[in-house]
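Visitor:
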Amino acid sequence: MSDAFRETAPRLLALAARALGWRPDEFWAATPEELAQALADPTHVSVAGLSRTDLARMMERDRDG
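The opening position of the sequence shown corresponds to residue 98 in my numbering, with each subsequent residue numbered one higher.
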């Protein structure tokens with residue numbers, strides 16, 4: 098674990114707990130991208146949508162639904 102992350106992790110965990118209702122195990126199971134998306138402004142619309150190729154990859158990887 099990097100020193101920068103070691104110093105930041107407690108603050109991020111507290112933020113996720115308060116804002117999202119996440120317990121520690123949910124915080125540690127999330128990827129940085131998942132945490133960023135969960136904390137993102139819900140009114141902000143991303144310009145880039147999901148591509149057909151990315152969708153096909155996800156469907157192939159997660160065949161059980």
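Where a beta carbon is used, it is the ideal one built from N, C-alpha and C, also for glycine.
With DSSP run on the structure shown, which of helix, strand or coil describes Leu152?
Guide: Leu152: helix per DSSP, three-state reduction.
Visitor: Restricting to Cα atoms, I'd like to know which of Leu136, Thr128, Ala101 is closest to Ala114.
Guide: For the residues Leu136, Thr128, Ala101, the minimum Cα distance to Ala114 belongs to Leu136.
Visitor: In whole angstroms, give me the CA-to-CA distance for Asp151 and Ala133.
Guide: Approximately 20 Å, taken between the alpha carbons.
Visitor: Roughly how many whole angstroms lie between the Cα atoms of Phe124 and Arg103?
Guide: If you take the alpha carbons of Phe124 and Arg103, they lie about 14 Å apart.
Visitor: DSSP three-state call for Trp119: helix, strand or coil?
Guide: Three-state DSSP puts Trp119 in coil, outside helix and strand.
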